[in-house]
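Residue numbers (our numbering): -12 to 136. Every residue gets a Cβ at the ideal spot worked out from N, C-alpha and C, and that includes glycine. The block underneath contains the structure these notes are about, expressed in structure tokens.
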Amino acid sequence: MADTMQFDLVSPERSLASVPVREVRLPGSDGDLTAMPGHAPTIVTLRPGMVILVGADGTTSEFAVTGGFAEINQDSVSLLAERGHPRDEITQDIYNDMMKDAHRVHRSAKDRREHVGEEVVTAAVKLLGDMQALGTHIGLDPNQSTVPD
């Protein structure tokens, strides 16, 4: 079994990473997980959170994602993020914009509750909570972007 696997991270705006890694830590919708060389093939939906890479040399790098999908197989992880940024690029303004999107989704789900069902409203509440936790984790203030209902 190889010591590394290929990792590729793309968002609609750009390619964010294409590097060999020893492991990839992902914020899965059903729970966090770590992919390493030899991982069983799977496709994972992602929630907002940090993607953490451990490089071939042991260094780590982090990327904030708002959600997306990851395809994992024995020798690679391909991640398509809804929106993604290297941790060191996230400013309060960028985070506020991400939070405004989450607030819009939440408000829309609440307004359309009768048509979309309670499960969609619950998912929107979880999305908002995950986005708030993401900001807190990287030292940003989720309250700066609160949108009144």
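Scanning its chain for C-beta atoms nearer than 6 Å, with the 5 sequence neighbours on each side dropped, one finds around Ser5 the residues Asp(-5), in chain order. For Met118, the uninterrupted alpha helix (DSSP H) segment begins and ends at Glu105 to His124. By the 16-neighbour rule on beta-carbons within 10 angstroms, Gly45 is exposed. Cα atoms of Ile81 and His102: separation of roughly 32 Å, rounded to the nearest angstrom. In this structure Pro(-1) is exposed. Its beta-carbon is surrounded by fewer than 16 other beta-carbon atoms within 10 angstroms.
Following the DSSP letters along the chain, one finds Met(-8) inside the beta strand (DSSP E) bounded by residues Met(-8) to Val(-3). Assigned with DSSP and collapsed to three states, Pro28 falls in coil, not helix or strand. Closest by C-alpha distance to Pro7, out of Thr47, Gly126 and Asp17, is Thr47.
Rounded to whole angstroms, the gap between the alpha carbons of Gly71 and Val52 is 4 Å. Below 8 Å, enough C-beta pairs join the region 22 to 30 and the region 54 to 69 to call them touching: three or more. Ala(-11) carries a coil assignment under DSSP once its states are collapsed to helix, strand and coil. In summary, Ala43 is exposed, with fewer than 16 beta-carbon neighbours lying within 10 Å of its beta-carbon over all protein chains present. In the displayed model, Pro7 falls within a strand according to three-state DSSP. The criterion of a C-beta distance shorter than 8 Å is satisfied by Leu67 and Val(-3).
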